[in-house]
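Q:
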Amino acid sequence: MQGNNLLELAGAISSGAVRVVDLTFTLSPDFPVIVLPPEFGQAAPVRIQEISRYDGRGPAWYWNNITFGEHTGTHFDAPIHWFTGKNLPNNAVDTMPAKDMIAPACVIDCSAQAAQDPDFLLTVPLVEAWEAKHGRIPERNWVLLRTDWSKKGWRDYSNLGDDGAHTPGPNPDVMKWLVEERGIIGFGTETIGTDAGQAGHFEPPYPAHHFLHGGGRYGLQCLCNLDQLPATGAVIVASPLKIQNGSGSPLRVIALVSST
Amino acid sequence: MIEPIKPPRRKNPLLRTRLPASPPRPRSRTSHGFTRAAAEGRFMLQRCEACGAFAYPAREACPSCLSSGLTFVDAPRRGMLLSEATARVPSDVYFRERAPWRIGLVRMDCGPTIVAHLHADCVEGAPVRMSLQLDKSGQAVAFAHPEGETPNMADDKQWREMTADPKFRRVLVTNGRSVIGQEAVAALKAAGARTVFVGVAEPWRPFAGEKLLRGQDGIEIVTLDAADEKSAADLAADIGGKVDILVNTTEYVRPGGLLDRRGTSIARDEIDQAYLGFINLAQAFGLAMRMRGADGINNSAAWVNILSVYALSNWPAFGAYSASQAACLSLSHCLRAELRPGGVRVMNLFTGPVDTEWFQTVPPPKVAPRAIAQAIVSGLKGGLEEMYVGDVAEEIRQRLAANPKALERELDR
């Protein structure tokens, strides 16, 4: 690619010919986090503490101290997050190749099924049906599962029952297949976690984490505005914070979408 | 005969809110023996170790035999009202605003004569029952009650100055997700609180007992994550001027000490919830409470903390938790001093292990959450500052007073 193509892209973004869609929730203390049994270590919630706000603590400036776990808000999962990816090279957010931070996306719309069934699971036949319509998923593409889950209120969004969370996600077969047969770069969801709410009971447990990270691929979760993306052709920019040996990080995820 | 107090009307926005005044503060160091007794709801007088005579006021030598061996001991409460006087135009601002104010001389059955504030139903020549109370300056004063029950006796104007009765007051229970919080809500409502605001953090997370709290008259669920600075500030922006009593029911119990834990993330959560949560609540609600200390019938009156008795001496099995509680105890003394100009009391309830999930493997005796809730109400009604709820807490207190080193060794089991 030559430099002037990049300038064309910049011009198209500026003119609106290429739309920039923000796929990120605001990082705030009230956003739901993953719920683990309380005897396990917990992700620190997002905290925002004022240092000063044009007051006696700092008369002309406003700033905050922030603390949060690596897996809070709209966030990125690196291969080192899961035991299956623990020995891979360059498996943390600080060592992963920067070029993996920009990649095209295939968006599979399952919002109708998810509206009917909170435990809806994406399967290989469903993806094959999508491919019949939109073409084979190219290698090194993100697959984003659109469920419209991000439009729910927080309680329905986390949808916790006394038997755990009930939120949609992929089944084990489709995750293995997407990683091994389609060579995807990563998998993204609107829900808390790349896996379904009940995925702890699957074989293997948490198949999205298991196969994605075992294959050196990435996860994105708590995405929003997936309904503004075309089935194919959007380009995702997802660059996590460069945390030393980090397993993931909250980040700003944007999609570039051609208006034509 | 006391007229029952009436539910307060809404505030007249044309009138300035009266600022709290304080009764006189100075006391001798010796007379803080009364302060200690009043804080715990005990009635203590000095007694001579040599001749056995009771003395009042606090002295350095026995008025009967001049021995210097005077010790504060629990004393019989019965006396007789010798005479009463009504101050109609006192020079002190606090009493002037509350005049007429009745005081009297009480001849104790055990000997001394005491100048006391009088309940309105005390009559000259009749027997009275004495107590020591903390006034709006936090200092001990003697208070005379009629010997028996009289109608509406808790509504007495002078008595209400000595207490923080929940009746007609608006209460914030900061954590309604816990059993203790929910029992506190029920007990405060039963005690006549007009509104109980119940804080619920992370409202997207369901919790046991939620249905009972919702849709009840006079109970309002509010979003409050005390450990989150903004959440506390946001709630105070809504209801900060309507919180007359704040009951801090933050509960974050995790087992373990130092060496059997890895890293600091649990300790950080403990500090986040208990200590920083306390600071956030104080900074969000404290100023308005201090300012509203004389705001009519439902003036702001009290702040309640529920603390582990292991704040006083570390229990290594819950060692890091004990430390977080010790930090909160220290902070409570700071808050007490800072709320003092508003006449707002800070009451600490100390408990041993509570009959809740995180103390599951701890053998009985454990404190029932309901007992804590009842203690909150009785402490507020009695105007107390320190309460030890349950056998374990009381025992720790006594052992600590007897020999702190022995207690330290014995908790290490």
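Just so you know, the protein sequences line up as chains A and B, in that order.
151 is the number of the first residue of the first sequence in our numbering; add one for each residue after it.
1151 is the number of the first residue of the second sequence in our numbering; add one for each residue after it.
Positions of the beta carbon are idealized from the N, C-alpha and C atoms, including for glycine.
Report buried or exposed for residue 256 of chain A, applying the criterion of at least 16 other Cβ atoms within 10 angstroms of its Cβ.
A: Residue 256 of chain A is buried by the Cβ-count criterion.
Q: In chain order, what residues of the same chain have a beta carbon less than 7 Å from the beta carbon of residue 230 of chain A, not counting five sequence neighbours either side?
A: Correct list, in chain order: 236, 241, 242 and 397.
Q: Check whether chain A comes within 9 Å of residue 1450 of chain B, counting only Cβ atoms and requiring the distance to be less than that.
A: No, residue 1450 of chain B lies away from the interface with chain A (no Cβ there is under 9 Å from its Cβ).
Q: Specify the secondary structure class of residue 1165 of chain B as computed by DSSP and reduced to three states.
A: Note: residue 1165 of chain B maps to coil in three-state DSSP.
Q: Quick check on the DSSP output: the alpha helix (DSSP H) that includes residue 1480 of chain B runs from which residue to which?
A: First-last of the alpha helix (DSSP H) with residue 1480 of chain B: 1469-1489.
Q: Distance, Cα to Cα, residue 1282 of chain B vs residue 1167 of chain B?
A: Going by the C-alpha atoms only, they are around 30 Å apart.
Q: For residue 1201 of chain B versus residue 1181 of chain B, is the C-beta spacing smaller than 9 Å?
A: No, the Cβ-Cβ distance between residue 1201 of chain B and residue 1181 of chain B is not below 9 Å.
Q: If you drop the 5 nearest sequence neighbours on each side, which residues of the same chain put their C-beta closer than 6 Å to that of residue 1306 of chain B?
A: Result list for residue 1306 of chain B: 1152, 1269 and 1270, in chain order.
Q: To the nearest angstrom, how far is the alpha carbon of residue 217 of chain A from that of residue 1418 of chain B?
A: If I take the Cα positions, the gap works out to 11 Å.
Q: By DSSP, does residue 1435 of chain B sit in helix, in strand, or in coil?
A: Three-state DSSP puts residue 1435 of chain B in a helix.
Q: Exposed or buried, which one is residue 1465 of chain B when buried takes at least 16 other CB atoms within 10 Å?
A: Buried: at least 16 other Cβ atoms inside 10 Å.
Q: For the beta strand (DSSP E) holding residue 1371 of chain B, just list the boundary residues, first then last.
A: That run of the beta strand (DSSP E) goes 1369-1373.
Q: Chain A beta carbons: is any one of them nearer than 9 Å to that of residue 1296 of chain B?
A: So, not an interface residue.
Q: Would you say the beta carbon of residue 1163 of chain B is closer than 8 Å to some non-hydrogen atom of the ligand NAP?
A: This structure does not include the ligand NAP; it has no bound ligands of any sort.
Q: Just checking: is the beta-carbon of residue 1416 of chain B within a distance shorter than 9 Å of some beta-carbon in chain A?
A: It does; some Cβ of chain A falls within 9 Å.
Q: Below 8 Å, can you find three or more Cβ-Cβ pairs linking the segment 1420-1434 of chain B to the segment 1357-1365 of chain B?
A: Verdict: no, contact absent.
Q: Can you give me the Cβ contacts of residue 276 of chain A inside the same chain, cut-off strictly under 6 Å, excluding the 5 residues immediately before and after it?
A: Nothing listed; no residue qualifies.
Q: So, using beta-carbon positions, are residue 322 of chain A and residue 295 of chain A closer together than 9 Å?
A: The answer is no: Cβ separation not under 9 Å.
Q: By the 10 Å Cβ neighbour count, where 16 or more other Cβ atoms means buried, how is residue 1475 of chain B classified, buried or exposed?
A: Buried, by the Cβ-count rule.
Q: Do residue 1314 of chain B and residue 1495 of chain B count as a contact pair if the criterion is CB distance below 9 Å?
A: In this structure, residue 1314 of chain B lies closer than 9 Å to residue 1495 of chain B by Cβ.
Q: Okay, do the segment 1502-1509 of chain B and the segment 1534-1547 of chain B touch, 3+ Cβ pairs below 8 Å being the bar?
A: Enough Cβ pairs lie closer than 8 Å, so yes.
Q: Quick check on DSSP: helix, strand or coil for residue 376 of chain A?
A: If DSSP states are grouped into helix, strand and coil, residue 376 of chain A belongs with the helices.
Q: Tell me the start and end of each unbroken beta strand (DSSP E) in the segment 1182-1214 of chain B that is at least 3 residues and wholly inside, in chain order.
A: Whole beta strand (DSSP E) segments, 3+ residues: 1194-1198.
Q: Which chain A residues are close to residue 1356 of chain B, counting only those with a beta carbon under 7 Å from its beta carbon?
A: What residue 1356 of chain B touches in chain A: 310.
Q: Below 8 Å between beta carbons is the criterion; list the residues of the segment 182-215 of chain A that meet it against any residue of chain B, in chain order.
A: Correct list: 182, 185, 191, 192, 194, 195, 197, 198, 199 and 200.
Q: For residue 1155 of chain B and residue 1449 of chain B, what's the separation of their Cα atoms in angstroms?
A: Rounded to whole angstroms, residue 1155 of chain B to residue 1449 of chain B spans 13 Å at the Cα level.
Q: Does chain A have any CB closer than 9 Å to the CB of residue 1470 of chain B?
A: With 9 Å as the cut-off, residue 1470 of chain B does not count as an interface residue toward chain A.
Q: Along the chain, where does the alpha helix (DSSP H) that runs through residue 1244 of chain B open and close?
A: Looking at the DSSP string, the run of the alpha helix (DSSP H) that includes residue 1244 of chain B is 1243-1248.
Q: For residue 1379 of chain B and chain A, any beta-carbon pair shorter than 9 Å?
A: Closer than 9 Å: yes.
Q: CB residue 330 of chain A to CB residue 371 of chain A, shorter than 9 Å?
A: Not a contact, by the Cβ cut-off of 9 Å.
Q: DSSP beta-bridge partners for residue 254 of chain A?
A: DSSP output for residue 254 of chain A lists A:385 as bridge partner(s).
Q: CA-CA distance, residue 1157 of chain B and residue 1312 of chain B?
A: Between residue 1157 of chain B and residue 1312 of chain B, the C-alpha separation is close to 19 Å.
Q: Grab me the residues of residue 1515 of chain B's own chain with a C-beta within less than 8 Å of its C-beta, minus the 5 sequence neighbours each way, in chain order.
A: Result list for residue 1515 of chain B: 1502, 1540, 1541 and 1542, in chain order.
Q: Whole angstroms are fine: how far does the CA of residue 406 of chain A sit from the CA of residue 383 of chain A?
A: Approximately 9 Å, taken between the alpha carbons.
Q: According to DSSP, which residues form a beta bridge with residue 1095 of chain B?
A: The question about residue 1095 of chain B has no answer here: the residues shown for chain B are numbered 1151 through 1563.
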